[in-house]
Amino acid sequence: MSALLQSFRVKYECSCGKFRNLSDLHFCRQCFKIKCEECACVEIDMLYCARCLEASTVPEARLKKNQCFNCVECPMCMNILSGRTENDKFFLICQACSWQTREAGIEDRDSAKKWPVYENEITNEMNDVMNHMKKLEMIQNAPKDSKNRKISKGWSAHHLPNKFGLQSMVEKKRQMMFPDLTPLSVHEPEEPLSLEEELENRYKSKNLRTADQIIRQPLASSDQPLFPVRVPLQGRTSIRCDECERTLVKRDYGVVAYKFKISAFAREYVPDIRISRPVQFENDKTSHVLLTITNLSSSPIQLKISPQEKSRDDLVECSTPPVNISIPCSIDTDTAGVPAEKSDVIVFRQHNRIGLNFDFIPNQSNEHFLALSLEYTQNGSFGLLADKSQNTEEASSKVLKANVIVQLHN
Amino acid sequence: MDLGILTYDETEWATTHTGNKVNKKHGITGTQNIIIAGKSIIEKSVSIRGGLAAVRIGKNCILKSGCHIRPCFKYFNKKPTQCNTIIGDYVFMEEGCIVNASQIYSFVHLGARCILGNGCVIRECSRVLPGSVIPPDTIFPPFSTIGGSPARVIGNEPLCTENLMIEACTMYYENFVPKNSHKPSLT
Amino acid sequence: MTAEPENKIQIAESAVVCAEAQISGEVSIGDGCVIHPFAIFDAKNGPIIIGNNCLFEEYCVIRNCGDGEPMIIGDENAFHVESECFAKYVGNRNLIGCRARLDRACFVADDCHITPQCHVASRQTLEQNAVVVENGVIRYHEGNKNQILNGQLEVLRNLLPNYHHKYGKGKKTG
Chain A
9 MSALLQSFRV KYECSCGKFR NLSDLHFCRQ CFKIKCEECA CVEIDMLYCA
59 RCLEASTVPE ARLKKNQCFN CVECPMCMNI LSGRTENDKF FLICQACSWQ
109 TREAGIEDRD SAKKWPVYEN EITNEMNDVM NHMKKLEMIQ NAPKDSKNRK
159 ISKGWSAHHL PNKFGLQSMV EKKRQMMFPD LTPLSVHEPE EPLSLEEELE
209 NRYKSKNLRT ADQIIRQPLA SSDQPLFPVR VPLQGRTSIR CDECERTLVK
259 RDYGVVAYKF KISAFAREYV PDIRISRPVQ FENDKTSHVL LTITNLSSSP
309 IQLKISPQEK SRDDLVECST PPVNISIPCS IDTDTAGVPA EKSDVIVFRQ
359 HNRIGLNFDF IPNQSNEHFL ALSLEYTQNG SFGLLADKSQ NTEEASSKVL
409 KANVIVQLHN
Chain B
332 MDLGILTYDE TEWATTHTGN KVNKKHGITG TQNIIIAGKS IIEKSVSIRG
382 GLAAVRIGKN CILKSGCHIR PCFKYFNKKP TQCNTIIGDY VFMEEGCIVN
432 ASQIYSFVHL GARCILGNGC VIRECSRVLP GSVIPPDTIF PPFSTIGGSP
482 ARVIGNEPLC TENLMIEACT MYYENFVPKN SHKPSLT
Chain C
1183 MTAEPENKIQ IAESAVVCAE AQISGEVSIG DGCVIHPFAI FDAKNGPIII
1233 GNNCLFEEYC VIRNCGDGEP MIIGDENAFH VESECFAKYV GNRNLIGCRA
1283 RLDRACFVAD DCHITPQCHV ASRQTLEQNA VVVENGVIRY HEGNKNQILN
1333 GQLEVLRNLL PNYHHKYGKG KKTG
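Protein chains in written order, with the numbering used here: chain A, 9 to 418; chain B, 332 to 518; chain C, 1183 to 1356.
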């Protein structure tokens, strides 16, 4: 929906210096700063499969090797495969490109899970080497471990008869400390295929594969058929401020939850500026842009908007003086308290919105950006402490700032 | 940018008591099976096939011209049936969408000329890019940006999409006024 | 639609054709076909002969662009919403997706699958089991076409007469 409202035309400056859309920004209520996803800490909250929407915790996902058990994708078009039954056996079919598992030579199966995947040939060798190394590590660490243990002076269990099974227990422990080592054969290095051989192999097969298809199945050589690809799990994130470690965004429990337990969107704490009408440019003459400022927060705002100096070539020169306005919040029912100001700059006032007219001189180039700086104060409800109803006066005197760049051209 | 005022000719539109504004040149059939919650706008040439199955559309939905909503067809326990279509609140469908989906949840924005396959499910706060083709029987998680043909999740929507959609759809409905009414030019 | 003097429309008894469909010219529709409302059959330039058990969804355009030669559509084809067929010959059990287009004088054999929004070029011949994918690539799938269509047609034949008048009899809705 940001596309419909064209909110990419107004960018706010984050505390890391980058300019982003207001809908992508968050507001830390403790340090009163605007944070974006790049400067805040992003943590993974939950892992889920994007196709079947099944959740799994981090240790479960590690067991599953970060892949979904139920879902496989079509190797041709990366669409999810649906199951069909024939004669009580399952096969998979892609509904977008009509690829079937029968084309890969996979026979129909009894259960719809665990479709074959290409294995790496040297996996077994790798596992052997890993186990060997683990044993070596234990041997290396054994004297350290025994040093840490209390040295029991006195008797040890070696001399006891095997009456209560103590001897075998001690033997077992000794084995673990000093495991037997079987010598491993050394893996001989192999010559990789030269480029000409690779290309020759590739063109021999009837169907040329796209780069995407090859990348998703690197273990399938060019004469082997493509198998279905397991779907990787995706992470759902929660965002935390990097300076004060407070959670900014945390979603509700459940994969399909779209509500938030904790949410601190910048729209609710920073006035939202939008271009009201398409801008008419008059060459070298003073042109106007009508901006709407909406207060979507829960507190009335005293706002001062000042256009900034033309510091870059693509910024336009704005001749409007700084404006001081107060905008009530959307919940306030008594808007009669706001004086009807008459000014050249304020065009209209409605509820929690104000329309302002800015005059500017267009640039010579095709790009026109208007830089504004906002300074505003609120009634103290923005801070976290306001929830616990403490010290609203301190918080309400703090001046919050935001820098905005408005894209005037299309 | 603010959504501007759109005027319409009162003779071409009918308004129901729940606030729905329906263009008289629609292709809606089987109206007894269609429930539209309220304050929705249905433009011309929109066809909703209520004759095939029940269609339930939420409030503040906007269906622009040329959309087709057809209940999907599924096999339940080997029995073929036409299933009901449920569309949530604050859904914005741009021109020419073909919706064979079984469920579209709330706050979804469908781009122009997109094709939703038979029985697909689009969860909340997602956006479908214009021209994308969604294959049948696919499910998409919330906050996904869906595009391509066959369509996949290619990005994430901003987390405040719910508020944005509510604001945009309400603004669209409020600015959709008859030609002769006196609405101040800036609202 | 008022019958014009040149219309020679033959609809089989078991076919269900909604009254809102626009049929003009010499069209012959086979047994068990289901034609949704607002489908357009334009046989002004030449006859259209449709086989049995075909499905034509709304706003699909079947037009004979040739010069007097008949356009033949086989059995058990499915033409989805807004698809356009100007082909010369369409075989059996094909699936033409939404907004797909079969350009003039093309030949489509049996069991083909044309994905939504794809085109089959003019005078192109599609062999059996072809799949036309998004960027024009033609793949050949193995395996027989799933005959799911029969169940769907059965349901539609029972459902459509409840909400639409049959073609040629009674007034149209909407």
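We put the CB at the ideal spot given by N, CA and C, even for glycine.
Checklist entry - Which of helix, strand or coil does DSSP assign to M332 (chain B)? => result coil
Next on the checklist: Quick check on DSSP: helix, strand or coil for C249 (chain A)?
Outcome noted: coil
Item to check | Candidates C:K1226, C:V1216, C:L1284, C:A1287, of which the one nearest I1147 (chain C) by Cα | outcome: In the structure as shown, chain C begins at 1183 and stops at 1356. Residue 1147 (chain C) is therefore absent and cannot be evaluated.
Next on the checklist: So that I know if they touch, is there some Cβ in chain A lying closer than 8 Å to that of V1263 (chain C)?
Outcome noted: no
Item to check | Start-end ranges of the beta strand (DSSP E) lying completely within the segment 406-480 of chain B, minimum 3 residues | outcome: 410-413, 416-418, 475-478
Checklist entry - Hey, does E1324 (chain C) have any beta-carbon neighbour from chain A nearer than 8 Å? => result yes
Next on the checklist: Which residue wins for smallest C-alpha separation from S306 (chain A), given the options A:G388, A:H376, A:N139?
Outcome noted: A:G388
Checklist entry - Are at least three pairs of beta-carbons, each pair with one atom in the segment 483-498 of chain B and one in the segment 456-472 of chain B, less than 8 Å apart? => result yes
Item to check | Sequence ranges, beta strand (DSSP E) only - wholly within the segment 254-313 of chain A, length at least 3 | outcome: 255-259, 268-270, 280-283, 295-302
Next on the checklist: Buried or exposed for Y20 (chain A), going by 16 or more other Cβ atoms inside 10 Å?
Outcome noted: buried
Checklist entry - When burial is assigned at 16 or more other CB atoms within 10 Å of the CB, is M1183 (chain C) buried or exposed? => result Per-residue confidence for M1183 (chain C) stands at a pLDDT of 45, beneath the threshold of 50, marking its modelled position as unreliable; the derived number appears in the next sentence. Exposed is the call here.
Checklist entry - Taking the C-alpha atoms as reference points, what is the distance between A1185 (chain C) and K356 (chain B)? => result Below a pLDDT of 50, predicted positions are generally treated as unreliable, and A1185 (chain C), at 48, falls in that range; the measurement from the model is reported next regardless. Going from the Cα of A1185 (chain C) to the Cα of K356 (chain B) covers about 23 Å.
Next on the checklist: I'd like to know whether the C-beta atoms of N354 (chain B) and E343 (chain B) end up nearer to each other than 8 Å.
Outcome noted: yes
Checklist entry - Any idea if L13 (chain A) is buried or exposed, counting beta-carbon neighbours within 10 angstroms, 16 or more meaning buried? => result buried
Next on the checklist: Suppose contacts are defined by Cβ-Cβ distances below 8 Å. Is I1240 (chain C) in contact with A1221 (chain C) by that definition?
Outcome noted: It should be noted that the sequence gives Glu, not Ile, for residue 1240 (chain C). It is a contact, given that the beta carbons lie within the stated cut-off.
Next on the checklist: Does the CB of N1276 (chain C) have a neighbour CB from chain B at under 8 Å?
Outcome noted: no
Checklist entry - From L201 (chain A) to P124 (chain A), what does the alpha carbon distance come to, in whole angstroms? => result 26 Å
Next on the checklist: Is there a C-beta anywhere in chain A that falls below 8 Å from the one on H1301 (chain C)?
Outcome noted: no
Checklist entry - Among A:E375, A:I223, A:D231, which has the Cα closest to the Cα of E208 (chain A)? => result A:D231
Next on the checklist: Would the segment 20-40 of chain A count as touching the segment 220-235 of chain A if we require 3 or more Cβ pairs under 8 Å?
Outcome noted: no
Checklist entry - Does I446 (chain B) come within less than 8 Å of chain C when only Cβ atoms are used? => result yes
Checklist entry - At what residue ranges does the segment 1194-1242 of chain C contain a whole run of the beta strand (DSSP E), taking only runs of 3 or more? => result 1204-1211, 1222-1232
Checklist entry - Roughly how many angstroms separate the alpha carbons of L89 (chain A) and H1347 (chain C), rounded to a whole number? => result 39 Å
Item to check | Helix, strand or coil at N209 (chain A) [DSSP, three-state] | outcome: helix
Checklist entry - When the cut-off is 8 Å and only beta carbons count, does S90 (chain A) lie next to chain C? => result no
Checklist entry - Using the beta-carbon of each residue, which ones in chain C are nearer than 7 Å to E115 (chain A)? => result Here the premise fails: no neighbours, minimum Cβ distance about 13 Å.
Checklist entry - Is it a yes or a no for the segment 1284-1304 of chain C touching the segment 1264-1276 of chain C, going by three-plus beta-carbon pairs under 8 Å? => result yes
Checklist entry - If you check the beta carbons only, do I1255 (chain C) and V1272 (chain C) fall under 8 Å apart? => result yes
Next on the checklist: Can you tell me whether V439 (chain B) is buried or exposed? The criterion is at least 16 other CB atoms within 10 Å of its CB, across all chains shown.
Outcome noted: buried
Next on the checklist: Given this structure, state the Cα-to-Cα distance separating K375 (chain B) from S396 (chain B), to the nearest angstrom.
Outcome noted: 5 Å
Checklist entry - So which of B:R454, B:N364, B:G462, B:A368 has the shortest CA-CA distance to C414 (chain B)? => result B:N364
Item to check | S371 (chain B) versus M332 (chain B) - alpha carbon distance | outcome: 22 Å
Checklist entry - What distance in whole Å lies between the Cβ atoms of Y436 (chain B) and G450 (chain B), which are believed to be in contact at a cut-off of 8 Å? => result Rounded, the Cβ-Cβ distance is 15 Å, inconsistent with contact.
Next on the checklist: Once the 5 residues before and after K258 (chain A) are set aside, which same chain residues still bring their CB inside 6 Å of it?
Outcome noted: S246, K269, I270
Checklist entry - What's the call for V414 (chain A), buried or exposed, on a 16-neighbour Cβ count within 10 Å? => result buried
Checklist entry - So which residues on chain C does I485 (chain B) lean against when the C-beta distance must stay under 7 Å? => result Going along chain C, no residue has its Cβ under 7 Å from I485 (chain B), so there is no contact; the nearest lies around 15 Å.
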